[in-house]
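In the UniProt record's numbering, the protein residues as written are 1 to 306.
Put into structure tokens, the structure is as follows:
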């Protein structure tokens with residue numbers, strides 16, 4: 001009996017060695033495969049992946065497919081970069097070609113109004129100037145949106161104080177508020193936030209501009225800030241016409257304007273642009289309020305780099 005156990009033991013020991021050898025060989029093959037795939041991915045990330053750099057004759061099926069896939073991605077990325085550059089030049093050309101005649105229309109209408117014209121002609125000249133200004137504003141807004149969506153404009157958040165951000169916005173909106181005797185109150189929490197000095201200021205200005213536009217004369221607009229762990233919340237509270245429940249999402253879509261604001265100037269692009277800018281910077285925007293009861297726009301900006 002002992003003899004049988006001895007023979008079985010020897011057989012098991014001898015059998016283990018091939019198994020260990022196969023496992024080690026398999027692990028070596030998998031390690032080589034992973035190293036090869038890692039090299040390919042690193043090349044793709046660095047933007048210098050070239051398919052013929054890797055000899056397909058010695059690649060496994062998985063490696064070969066990965067090589068083809070990354071090569072296709074590299075070509076697509078190159079094509080996208082070229083398209084982006086073409087769009088950039090196209091937008092620049094369109095902007096120049098359109099803004100020049102609009103500027104001329106504004107200039108000529110102002111010259112006309114400086115002359116002693118009949119009352120009917122003066123009214124026409126003023127109407128022409130007003131419509132030209134609206135067209136100029138629309139073109140500028142469309143150019144900004146096109147550049148933002150095509151990636152030509154990039155939102156680059158930088159660390160700054162909340163007070164500096166709000167002060168910059170108020171400095172821009174104050175002349176319009178003073179025209180309507182509107183008082184802007186602030187209740188600011190201390191702290192720092194990440195925002196783009198140009199585009200974030202413009203996005204918040206768009207919200208404040210609407211608050212001034214739709215609020216009654218001699219009313220108050222309040223700006224409050226609240227600090228959280230990951231975000232800083234900016235509340236812009238007005239006593240204007242408010243927003244109906246079914247319109248709270250629609251107002252952030254392109255060109256949407258509620259029927260009750262047709263009498264006010266605007267093209268329905270400000271809030272759309274605001275949401276795009278805030279989102280690009282890692283934040284988000286919400287709105288609350290009721291029809292006829294004023295509105296509260298809450299803008300959330302990140303407190304950490306993203």
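Just so you know, even glycine gets a beta-carbon here, dropped at the ideal spot from N, CA and C. It should be emphasised that the depicted structure is a prediction, and the values quoted were computed from it without experimental measurement.
Of the listed residues the options, nearest to residue i (C-alpha basis)
{"i": "residue 306", "options": "140, 157 and 123", "result": "157"}
{"i": "residue 329", "options": "169, 219 and 190", "result": "Nothing can be reported for residue 329: it is not among the residues displayed for the chain, which extend from 1 to 306."}
{"i": "residue 273", "options": "259, 254 and 287", "result": "254"}
{"i": "residue 201", "options": "163, 183, 22 and 175", "result": "163"}
{"i": "residue 294", "options": "123, 107, 258 and 214", "result": "214"}
{"i": "residue 143", "options": "300, 231, 98 and 248", "result": "98"}
{"i": "residue 228", "options": "191, 177 and 110", "result": "191"}
{"i": "residue 261", "options": "279, 249, 277 and 242", "result": "242"}
{"i": "residue 161", "options": "18, 137, 301 and 20", "result": "301"}
{"i": "residue 288", "options": "129, 270, 244 and 258", "result": "244"}
{"i": "residue 169", "options": "155, 127 and 198", "result": "198"}
{"i": "residue 286", "options": "299, 292, 145 and 277", "result": "299"}
{"i": "residue 232", "options": "172, 183, 166 and 154", "result": "166"}
Counted within 10 angstroms of its Cβ, other Cβ atoms place residue i as buried (16 or more) or exposed
{"i": "residue 103", "result": "exposed"}
{"i": "residue 275", "result": "buried"}
{"i": "residue 203", "result": "buried"}
{"i": "residue 211", "result": "buried"}
{"i": "residue 193", "result": "buried"}
{"i": "residue 100", "result": "exposed"}
{"i": "residue 206", "result": "buried"}
{"i": "residue 132", "result": "buried"}
{"i": "residue 264", "result": "exposed"}
{"i": "residue 123", "result": "exposed"}
{"i": "residue 251", "result": "buried"}
{"i": "residue 57", "result": "Because the pLDDT of residue 57 is 45, which lies under 50, any placement of that residue in the model is unreliable, and the number read from its coordinates should be weighed accordingly. Burial call: exposed."}
{"i": "residue 177", "result": "buried"}
{"i": "residue 117", "result": "exposed"}
{"i": "residue 109", "result": "buried"}
{"i": "residue 189", "result": "exposed"}
{"i": "residue 280", "result": "buried"}
{"i": "residue 259", "result": "exposed"}
Opening and closing residue of the alpha helix (DSSP H) in which residue i lies
{"i": "residue 285", "result": "Taken as a continuous stretch (DSSP letters only), residue 285 belongs to no alpha helix (DSSP H), being part of the beta strand (DSSP E) at 284–289."}
{"i": "residue 298", "result": "Not the alpha helix (DSSP H): residue 298 falls in the beta strand (DSSP E), residues 295–302."}
{"i": "residue 275", "result": "270–280"}
Element boundaries [beta strand (DSSP E), containing residue i]
{"i": "residue 215", "result": "No beta strand (DSSP E) holds residue 215; DSSP gives it neither H nor E."}
Integer-rounded CB distance, given that residue j should sit under 8 angstroms from residue i
{"i": "residue 225", "j": "residue 237", "result": "Rounded, the Cβ-Cβ distance is 12 angstroms, inconsistent with contact."}
{"i": "residue 159", "j": "residue 187", "result": "With 8 angstroms as the limit, residue 159 and residue 187 do not qualify as a contact, their Cβ atoms being about 22 angstroms apart."}
{"i": "residue 268", "j": "residue 256", "result": "5 angstroms"}
{"i": "residue 105", "j": "residue 128", "result": "7 angstroms"}
{"i": "residue 304", "j": "residue 230", "result": "7 angstroms"}
Output the residue ranges of the alpha helix (DSSP H) runs that lie fully inside the segment 145–190 and measure 4 residues or longer, sorted by chain position. 162–179
Segments assigned alpha helix (DSSP H), at least 4 residues, entirely inside the segment 194–262: 199–214
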